[in-house]
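Worksheet: one structure, shown below.
Protein chains: 2
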Amino acid sequence: MSDLGRELSTAVVAFHEAVGAHLGVTAVDQRALALIGRHGPMTAGDLAKRINLTPGAVTGVVDRLERAGLARRHPDPADRRRVLVTAVGGVLGDLFSGLNAAMGELTARYTPEQQQLIADWVTRTVEVLHEQTARLTTRHQPRRNRPPRANDEV
Amino acid sequence: MSDLGRELSTAVVAFHEAVGAHLGVTAVDQRALALIGRHGPMTAGDLAKRINLTPGAVTGVVDRLERAGLARRHPDPADRRRVLVTAVGGVLGDLFSGLNAAMGELTARYTPEQQQLIADWVTRTVEVLHEQTARLTTRHQPRRNRPPRANDEV
DNA sequence: CCTTTTAGTTCAGTGTACTGAAATATCAGG
DNA sequence: CCTGATATTTCAGTACACTGAACTAAAAGG
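These protein sequence lines are chains A and B, in that order.
To convert, note that position 20 of the first sequence is 20 in the working numbering; the numbers rise steadily by one, no gaps.
To convert, note that position 141 of the second sequence is 1141 in the working numbering; the numbers rise steadily by one, no gaps.
Dropping the structure here:
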């Protein structure tokens, strides 16, 4: 069972990497996208704080996301200095459509009760992962062979 | 439910990134490690073919894995030109111990039948992910804003 | 208004992982 | 042995994402 978890983990990571390579965006870019996907439109500055990057770096992140058609810059009508970054569903949806369809087929094979059970397990697993990720990022400080990486919450 | 999948996905990726940052290894390094973890000890050349990297790059990969204590170089007794790269369980085990413990607790909450159901779902999900990853990496060629990345099977 | 603060982009410099080629060491065959 | 093939490392060059600082633009507050 713990082997299965490892397999799931690597499969998920491999898929994410494939998506990133396909679209020409980095892992950090994808984290930023997930962030605005979850929290809604966000200013570049907020994004910088969230993913622990300098404003200059965020410009690059958003550039790549825009070029890939995954996000768009939107001037804030209330404050014209600010730039709101919004996620664009279309392209990513296209890419994930195959996955979503296949997963839909898969879930359809289970009864509602079973689906409920699986959803429950997934929810708790996500919680565990968040806890363990936090444990890694806060308790120990990273080993610095390489430059400091953006590895905060997502 | 598809939202849940997305959340699980990002949580998994975040954890992996945290581990990588903590140990000073890249995502590619981790893929290489997963590879030798699954297929057993492997020569540097095989590793190069598998992850689609030049031999020179593989030297760097193995260097980092060794430095992190995740792998070890082992001369092939049969052919002293070759270098067998073997995974070392200890360090990674320590890192994942928290996760494994937490996941163990989590699974213990379910009945054996329920565990079986979950395992079944996970297995099928892994299959789906592999298919979809293959679809991305083979059918379409990557968009090349950036240099070609190592994104093959894992 | 005029100054100060804030938001974002631009730009030069840096670190790192990659490629491709040269170098080194070992095997295999006449 | 000696030659040619094979496995890995070393090394120079390159690409890229990041930092930190300068710059532009807009808000805020006397």
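Note that the Cβ used here is the ideal one computed from N, Cα and C, for glycine as well.
Could you compute how far the alpha carbon of A/P77 sits from the alpha carbon of A/S9?
42 Å
Exercise for the section: Figure out for me which residue from A/Q132, A/L99 and A/P41 has the closest Cα to the Cα of B/D1003. Expected result: A/L99
Note to self: Just to confirm my understanding: we take B/A1107, look at its own chain, exclude 5 residues before and 5 after, and list those with CB closer than 8 Å. What are they?
What the structure shows: The question names Ala, but residue 1107 of chain B in the sequence shown is Thr. Around B/T1107: Q1115 and I1118.
Assuming A/G104 and A/R64 form a contact by the criterion Cβ under 8 Å, report the distance between their Cβ atoms to the nearest whole angstrom.
Between A/R64 and A/G104 the Cβ distance is about 30 Å, and since that is not below 8 Å, they are no contact.
Self-check item: Where A/P41 falls: helix, strand or coil (DSSP)
Solution: coil
*Report the residues of the segment 5–20 of chain A with a CB closer than 7 Å to any CB of chain B, ordered along the chain.*
G5, E7, L8, S9, T10, A11, V12, V13, A14, F15, H16, E17, A18 and V19
For the candidate residues B/R1006, B/E1007 and B/H1022, whose alpha-carbon lies nearest to that of A/T137?
B/H1022
- request: Name the one or two DSSP bridge partners that A/P75 has.
  value: A/V83
key: Buried/exposed call for A/E113, threshold 16 Cβ in 10 Å   = exposed
ask   = Does any residue of chain A bring its CB to less than 8 Å from the CB of B/M1103?
value = yes
* Asked: Would you call the segment 70–86 of chain A and the segment 39–58 of chain A touching, i.e. three or more CB-CB distances under 8 Å?
  -> yes
Exposed unless 16 or more other CB atoms sit within 10 angstroms - verdict on B/R1101
It is Ala, not Arg, that sits at residue 1101 of chain B in the sequence shown. Exposed, because fewer than 16 other Cβ atoms sit within 10 Å of the Cβ of B/A1101.
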